[in-house]
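Under UniProt numbering, the first residue of the sequence shown carries the number 1, and numbering increases by one thereafter. We put the beta carbon where it would ideally sit given N, CA and C, even for glycine. Structure, as structure tokens:
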Amino acid sequence: MIYDVIIIGGGPAGLSAAIYASRAGLRTLIIEKTGCGGQMTTTNLLENYPGFNGGVKGFDLAVKLEKQARDFGAEIIYDEAAAIEQGSSKKVITASYAYETKTVIIAAGTRAKKMNIPGESEFIGRGVSFCAVCDAPFYRDKNVLVAGGGDSAVEEAVYISKFAKNITVVHRRNELRAAKILQERMKSHPNISVIYNSMPKEIFGGDSVEKVTITNVKTNENKDLIVDGVFVFTGLIPNTLFLSGIALDKTGYIITDEDMNTSSAGIFACGDIRKKQLRQVVTAVSDGAQAAVSAQRCLENL
1 MIYDVIIIGG GPAGLSAAIY ASRAGLRTLI IEKTGCGGQM TTTNLLENYP GFNGGVKGFD
61 LAVKLEKQAR DFGAEIIYDE AAAIEQGSSK KVITASYAYE TKTVIIAAGT RAKKMNIPGE
121 SEFIGRGVSF CAVCDAPFYR DKNVLVAGGG DSAVEEAVYI SKFAKNITVV HRRNELRAAK
181 ILQERMKSHP NISVIYNSMP KEIFGGDSVE KVTITNVKTN ENKDLIVDGV FVFTGLIPNT
241 LFLSGIALDK TGYIITDEDM NTSSAGIFAC GDIRKKQLRQ VVTAVSDGAQ AAVSAQRCLE
301 NL
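Structure (structure tokens):
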């Protein structure tokens, strides 16, 4: 079987692309590594997704998007893309099969760069977060720790300060890496403090986070911080290691134009995996819709 479009990734961008592509009558296949929804499923409540007063649970939205895609005829298989074989007819190679297609939409997303310390994975969704815009409102009048020292960590600490009582930024170096203007902006918020030359060592708690042990990288001295939440902003990693022959920026994100075209004809990219400013569910579904329309137009011109 030759598909009209294969979508790599079943997060909000991939599911949106599948909805638009299959509704347009394209033979559509999603190849998803684990389960549809992506990082969205780890967010307890999306309060800023349009159309849901009071918010919508990330998992519930993922279920709705998946059902909508299936109802329009999209197929979904659970496998991991290992390569894209380019040419007039393309193949998406997995460990078990080579799927032939006329166009490809890459929506493989990103993964948060974890600290890889005890307690981090255990408390994801119960006090450990990788998205301030998503979760900061849940920490109103509470104490939180922000791990990181780059632009994202400082920007997000400022955002969290609108809600949290106290924010402690923990950075492994003796000075922040964030732009000076961002650092100055952060200094204007009295409820934000910084601990330098330190890193989180272990996260503790019961039903949710209660305490973090940090260690001084110079003296190896340990210190406990009583906090209700930990926001990790040590970076994002785009899932592009399986790609070749497609232009990436210096940080590994796929370069596209506004129509989601990549540097390779017939291959499109959407969502968090592409070079862009804002990585949110709402921008991912918009990208996915555009990628599907661009794939359709590409097919019409073949």
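Pull up the DSSP beta-bridge partners for residue i, would you.
i      : result
ARG111 : ILE237
GLY229 : VAL144
THR262 : For THR262, which the question treats as bridged, DSSP gives no partner whatsoever.
ALA17  : Its beta-bridge partners do not exist; DSSP assigns none.
SER129 : PHE231
THR251 : Looking at the DSSP assignment, THR251 forms no beta bridge with any residue, so it has no partner.
ALA269 : ILE106
GLY35  : DSSP, once it has assigned bridges, lists no residue as partnering GLY35.
PHE204 : LYS211
TYR139 : TYR139 pairs with nothing; no bridge assigned.
ARG274 : ILE254
SER193 : THR168
MET199 : THR215
ASP4   : Bridge partners of ASP4: none, in fact.
What residues in its chain sit with their C-beta under 8 Å from that of residue i, if we drop five residues either side in the sequence?
i           : result
SER193      : ASN166, ILE167, THR168, VAL169
ALA82       : ILE93, THR94, ALA95, PHE242
residue 356 : Given a span of 1 to 302 for the chain in the structure shown, any question on residue 356 remains unanswerable.
Kindly list the residues whose CB is nearer than 7 Å to the CB of residue i, restricted to its own chain and excluding five residues on each side of it in sequence; keep chain order.
i      : result
THR234 : LYS113, MET115, ALA147, GLY148
GLY127 : GLY205, SER208, VAL209, ASP228, GLY229, VAL230
VAL158 : ARG185, MET186, HIS189
ASP259 : GLN290, SER294
GLY245 : GLN86, SER264
Excluding five sequence neighbours on each side, which residues of the same chain lie with their C-beta closer than 6 Å to the C-beta of residue i?
i      : result
ALA108 : ILE8, GLY9, ASN239, ILE273
ASP135 : SER129
ARG140 : PHE163
MET40  : PRO12, GLY58, ALA62, VAL281
TYR20  : ALA289, ALA292
THR251 : none
ILE181 : none
MET1   : none
ASP224 : LYS211, THR213
Considering just the uninterrupted stretch of the beta strand (DSSP E) at residue i, what are its terminal residues?
i      : result
GLY54  : Note, GLY54: premise wrong, no beta strand (DSSP E); not H, not E.
LEU29  : 28-32
TYR97  : Run containing TYR97: none; DSSP gives neither H nor E here.
LYS187 : Here LYS187 belongs to no beta strand (DSSP E); instead the alpha helix (DSSP H) covers 180-187.
ASP79  : Per DSSP, ASP79 belongs to no beta strand (DSSP E) and is neither H nor E.
THR168 : 166-170
Rounded to the nearest angstrom, what separates residue i and residue j at their Cα positions?
i           : j      : result
LYS275      : LEU145 : 28 Å
ARG23       : ALA17  : 10 Å
ALA37       : ARG111 : The sequence shown places Gly at residue 37, rather than the Ala named in the question. Each residue's Cα considered, the two are about 13 Å apart.
SER152      : PRO200 : 17 Å
LEU248      : LEU236 : 15 Å
ILE160      : VAL154 : 10 Å
LYS91       : SER286 : 26 Å
GLY119      : LEU26  : 44 Å
residue 309 : GLY35  : As displayed, the chain neither begins before 1 nor continues past 302, which places residue 309 out of reach and without an answer.
TYR99       : ILE84  : 10 Å
ASN261      : ALA269 : 7 Å
SER121      : PHE52  : 29 Å
ALA132      : GLY55  : 16 Å
GLY14       : PHE138 : 28 Å
LEU176      : ASP4   : 48 Å
HIS171      : GLY150 : 9 Å
ASN301      : ASN143 : 56 Å
From which residue to which residue does the alpha helix (DSSP H) around residue i run?
i           : result
residue 305 : It is not possible to answer for residue 305, since the shown part of the chain is limited to 1 through 302.
Below 8 Å, how does it come out for the stretch 40-60 and the stretch 267-286: are there three or more Cβ pairs, yes or no?
yes
Any 3 or more C-beta pairs closer than 8 Å across the stretch 92-109 and the stretch 287-301:
yes
With a cut-off of 8 Å, do at least 3 Cβ pairs link the stretch 65-83 to the stretch 14-32?
yes
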